[in-house]
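Trainee:
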Amino acid sequence: MDGPMYSEMDVSRIDPEEALVDFETVEPGDISGEIDESLLKDYGAEDKVLVSIRIRPGDAPSVWQRTHKNIKLDPQCGKSPQEFMFDEILTGSENKPVYNAVARSHVCAAMEGYNAVIFAYGQTASGKTFTLSGDEDQLGIIPRAMKDIFAYIRRTPNREYLLRCSYLEIYNENIHDLLAPHSTSTTQPVQIHGTGPNVVLTPLREEVVTSLKSVREVLDRGEGNRRTATTDWNERSSRSHSVFRVVIESRERGSGGSSPDGRATPSGRQTPGFRPPTPGGSRLQARGGRSVQTSVLSLIDLAGSEKATSDKDRTREGKYINTSLLTLGSVIATLGENSAKNKNDHVPFRNSKLTRMLQPSLSGDARISVICTINPSKDAIPESTSTLLFAQRIKKVQLHAKKKEVVDTDALLERYRKEIEELRQRLSEREAEAPVRSRRLSAREQLDESRAMHDLNARIRQLTKLILTSQTVDENKGDETRPSSPAKVDFDMSPYQELLAARREIETQSTQILSLEAAILARPVLPPDAPESEKDKLLAEQTKTIRELEIVVKGYEDNLGEPLRKVQEDVEREWAVKVEREVKLREEKEAWADELVKQLDKERKARMKLEEERQALAAFVQKFDALGLETTLPVPQTKLNPPLPMPGGAAAVFAERHKHRIHPLDAIIETESPIRLAPLSIEPSLLEEEWDGVEDMSFELEKAGKVMKLGSQSPVREVFGDKENTPP
Ligand code: ADP
Ligand code: MG
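Encoded structure:
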């Protein structure tokens, strides 16, 4: 890890009242020496998005022709050169004029209480990061904006400011807090809660900055964390969006409650009074009737725009970036259409993290400046054209930027009452249009819609509760204010959507319960009245433990690869032997089966040949009988003397034999044939069947002998005899 584990300026550790900056405390070195009020064009006041093009210098002359505000493709480089018109077309490597033209008025608007967003959009290597961050020689928009902020404070003696910075990265649709230690930011991705103007990111570090030095520290730490999070830096930076935000809170330096030196008395933590309950809410307290103005300046270095359009890129990251950038594109397109044609179409803010996070700003609540960077080369024409078309769509968006102010406690209650009234009004309007709307909307839009309704109701309940807890119970007696009925919440929800929403809520709640329980279990045990030194000691111990754990985790991550590979290799080696043995066995068996089949075939052929011979012999005998050649002398029957023709002739004997035959083998034994096969089995086996007809072999010994030989030498027999698995 590059940066320190925690920062002294982490907003959770400091008293906001003690970190205020005003015209007296601004360090002179922190102020831009380049302030020139005449340069401050009032772009922000127009309800339009400021859209500028910056053409990066290149090796070859640019293929783009430009005037002050117009840009078109060199006719020699393209067929139908469309001419585009924007607020500024910028070239060159000087970042100062770029800052003055595209960012300065927006930074000032942020200081005046408006939310402001500055985007850099364009293909990878077209100069987004150069424009926003710059380098040592050419400071980019971010450091210049910070200088300008301090300069603004310096020339505004009647206000005091609290500045908080956050720095995050959206990669693969996960939000990583770049100011948190790397280990925490990966295990606890930042979540977006709430909708519309009440979007809150948690857990997100916000660091209080009081000087340029602390800003630089914050930026360096964020950059460092961003780089350690990745092995392929270029790849990641072109696929991720990085968002640097400054929350600017200010209030008038009033006389009421001021200390003799003219500064507001630090109220400290003990000051009873109202504090908004949301983590993203104002932390500077409105006091003595002086309201607190809050605004956010967001400076966004978008992922490479080629990832939004390339079909080649089908990787996981590519797809996600498509989601975020494409959603940004369609959100802006819809906003543009809506404002150009006075329509009220559904805007898909919720389809990506980036648009959801920026919803308050994009939905017209903020001043927006988009700087589209272009690569001047011929190869980049398609990408550059698509960038110009994107820029043209943004130009159509109409804005209605509003200042954000939080007034002091009494006025705040009044404000909340008004807000409740407004919300109720909106709710009933929606209710009235519901039947028409839901017919028009897709299922997904309906779900979004019902979520919005749900959030609206939640906000009403929250505000109502706020009022109840802020005032005495007596004051509220008889008050009709109560949470709106659940029936209202779900007026346009189908039962299925209702179920979905309920389940989502239960899931969120159970996660919250779990993490709360974990937090309770993990909390350090110390009596509340323990001396400060004890607390300090405990804190130091905990910090040490965290440090150690992080080292362990890092070591674990670094070293885990090696042992795992070893285990894998061991397992593979062990199994390779087993697999080899099995393969060999199988091969043997297959060879044996082949041999068996071959032998059976051979034997079948032999049997068929014998059968032919037998039939020929039988025919001969029959012929012989028909000739009436009879022997009168009885010849003793021996093994070598087969029975001679009987009355009826050889054919009769043959027939008689056939009649008495029970089993071919029995027949052989019966006749005491020299051909005796070992009784293999009672059941007729394949072999036995093959030997059908052996009985008649007694007619010719020579042949029988041959058969015998064949039988005893049969590899089939051997095989049967040898193999354990053969039936006995
Ligand atoms: P991106 O962030 O859009 O991917 P970079 O800002 O990193 O692109 O720019 C790519 C390279 O070109 C960097 O080395 C950068 O310094 C250089 N570069 C970009 N724009 C300019 C410019 N206007 N003048 C000089 N160098 C530039
Ligand atoms: Mg970049």
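Residues 1 to 728 (full-length UniProt numbering) are what the sequence shown spells out, left to right.
Every residue gets a Cβ at the ideal spot worked out from N, C-alpha and C, and that includes glycine.
Everything numeric in this text was worked out from a predicted model, so none of it was measured.
1. How is the beta strand (DSSP E) around Lys19 delimited, first residue to last?
2. Heavy atom of the ligand ADP less than 7 Å from the Cβ of residue 798, yes or no?
3. Mind checking whether the beta-carbon of Asp301 lies closer than 7 Å to any heavy atom of the ligand MG?
4. If you draw a straight line from the alpha carbon of Asp625 to that of Leu600, how long is it in whole angstroms?
5. Can you tell which of Val370, Ile394, Ser361 has the C-alpha that lies nearest to the C-alpha of Ala401?
6. Quick one: Cα of Lys598 to Cα of Glu580, how far?
7. Contact defined as beta carbons within less than 8 Å: I believe Ala303 pairs with Ser240. What is the distance between those atoms, to the nearest angstrom?
8. Return the chain-ordered list of same chain residues with a C-beta closer than 6 Å to the C-beta of Asn225, the five sequence neighbours on each side being excluded.
9. Hey, is the segment 145-153 in contact with the segment 188-198, meaning 3+ C-beta pairs nearer than 8 Å?
10. Expressed to the nearest angstrom, what Euclidean distance is found between the alpha-carbon atoms of Glu587 and Leu596?
11. Just verifying my parser: in three-state terms, what is the DSSP assignment at His193?
12. Taking the CB atoms as reference points, tell me whether Val208 and Arg164 lie closer together than 8 Å.
13. Measure from the alpha carbon of Ser242 to the alpha carbon of each residue in Ser339, Leu617, Thr129, then state which is nearest.
14. From which residue to which residue does the beta strand (DSSP E) around Arg245 run?
15. Tell me, please, which residues DSSP counts as bridged to Val117.
16. Please report the distance separating the alpha-carbon of Thr25 from that of Arg159.
17. Residue range of the alpha helix (DSSP H) that Phe84 falls in?
18. Within this structure, are the beta carbons of Leu20 and Arg54 separated by less than 8 Å?
19. Between Arg154 and Phe23, is the Cβ-Cβ spacing less than 8 Å?
20. Quick one: grab the DSSP three-state call for Leu427.
21. How many Å lie between Glu17 and Leu299 at the Cα?
22. How about Leu297 and Ala120: do their beta carbons lie closer than 8 Å?
23. Nearest by alpha-carbon distance to Cys77: which of Trp64, Ile71, Glu541 is it?
24. Considering only the beta carbon of each residue, do Ile374 and Val49 sit closer than 8 Å?
25. Run through DSSP, which three-state label would His176 get?
26. Which full runs of the alpha helix (DSSP H) of 4+ residues lie inside the segment 93-175, going along the chain?
27. Go through its chain and collect everything with a Cβ distance to Thr334's Cβ below 8 Å, but skip five positions before and after it.
28. Distance check for Gly113 and Gln293, CA to CA, integer angstroms please.
29. So which of Lys96, Trp575, Glu582 has the shortest CA-CA distance to Thr131?
30. Would you mind sorting Val215 into buried or exposed? The rule is 16 or more other CB atoms within 10 Å of its CB.
Mentor: In short:
1. Position 19 of the sequence shown, counted from the first residue, corresponds to residue 19. Sequence check: residue 19 is Ala here, not Lys. Element bounds for Ala19: n/a, residue is neither H nor E.
2. Residue 798 is absent from the model: the chain starts at 1 and stops at 728.
3. The sequence position of residue 301 within the sequence shown is 301, counting from 1. Yes, the beta carbon of Asp301 sits closer than 7 Å to at least one heavy atom of the ligand MG.
4. One-based indexing of the sequence shown puts residue 625 at position 625. One-based indexing of the sequence shown puts residue 600 at position 600. Approximately 37 Å between the Cα atoms of the pair.
5. Within the sequence shown, residue 401 is the residue found at index 401, counting from 1. For the residues Val370, Ile394, Ser361, the minimum Cα distance to Ala401 belongs to Ser361.
6. Translated into positions along the sequence shown, residue 598 becomes position 598. Translated into positions along the sequence shown, residue 580 becomes position 580. Answer to the nearest angstrom: the Cα atoms are 27 Å apart.
7. Working through the sequence shown from its first residue, we reach residue 303 at position 303. Working through the sequence shown from its first residue, we reach residue 240 at position 240. Indeed they touch by this definition, with Cβ atoms about 6 Å apart.
8. Against the sequence shown, residue 225 aligns to sequence position 225. Answer for Asn225: Leu178, His182, listed in chain order.
9. no
10. Along the sequence shown, one-based indexing puts residue 587 at 587. Along the sequence shown, one-based indexing puts residue 596 at 596. Using only the alpha carbons, I get a separation of about 14 Å.
11. Numbered from its first residue, the sequence shown carries residue 193 at position 193. Three-state DSSP puts His193 in a strand.
12. Position 208 of the sequence shown, counted from the start, is the residue given in the question as residue 208. Position 164 of the sequence shown, counted from the start, is the residue given in the question as residue 164. Yes, they are a contact pair.
13. As a first step, residue 242 must be located in the sequence shown, where it is residue number 242. Comparing Cα positions, the closest option is Thr129.
14. As a position in the sequence shown, residue 245 is number 245, starting the count at 1. From DSSP, the beta strand (DSSP E) with Arg245 extends over 241-252.
15. Numbered from its first residue, the sequence shown carries residue 117 at position 117. Ser298, Ile368, per the DSSP bridge assignment.
16. The sequence position of residue 25 within the sequence shown is 25, counting from 1. The sequence position of residue 159 within the sequence shown is 159, counting from 1. Approximately 12 Å between the Cα atoms of the pair.
17. For this step, residue 84 is matched to residue 84 along the sequence shown. Segment 83-85 is the beta strand (DSSP E) holding Phe84; no alpha helix (DSSP H) there.
18. Taking the first residue of the sequence shown as 1, we reach residue 20 at position 20. Taking the first residue of the sequence shown as 1, we reach residue 54 at position 54. No, the pair does not count as a contact, with Cβ atoms beyond the cut-off.
19. For the purposes of this step, residue 154 is taken as residue 154 along the sequence shown, with counting starting at 1. For the purposes of this step, residue 23 is taken as residue 23 along the sequence shown, with counting starting at 1. For Arg154 and Phe23, yes; Cβs fall inside 8 Å.
20. By 1-based counting over the sequence shown, the position of residue 427 is 427. Three-state result, Leu427: helix.
21. The residue given as residue 17 occupies position 17 in the sequence shown. The residue given as residue 299 occupies position 299 in the sequence shown. Their backbone Cα atoms lie some 26 Å apart in a straight line.
22. Here residue 297 corresponds to residue number 297 of the sequence shown, with the count starting at 1. Here residue 120 corresponds to residue number 120 of the sequence shown, with the count starting at 1. No, the pair does not count as a contact, with Cβ atoms beyond the cut-off.
23. Taking the first residue of the sequence shown as 1, we reach residue 77 at position 77. Closest option to Cys77, Cα to Cα, is Trp64.
24. Counting from 1 along the sequence shown, the entry for residue 374 is found at position 374. Counting from 1 along the sequence shown, the entry for residue 49 is found at position 49. No. Outside cutoff.
25. As a working mapping, residue 176 is identified with position 176 in the sequence shown. In this structure, His176 counts as strand in the three-state DSSP scheme.
26. 95-102, 104-111, 128-132, 141-154
27. Within the sequence shown, numbered from 1, the residue matching residue 334 stands at position 334. Within the same chain, Thr334 has close Cβ partners Asp345, His346, Val347, Pro348.
28. Here the question's residue 293 lines up with position 293 in the sequence shown. Here the question's residue 113 lines up with position 113 in the sequence shown. Using only the alpha carbons, I get a separation of about 6 Å.
29. Sequence index remark: in the sequence shown, residue 131 carries index 131 (1-based). Closest by alpha carbon: Lys96.
30. Working through the sequence shown from its first residue, we reach residue 215 at position 215. Burial call: buried.
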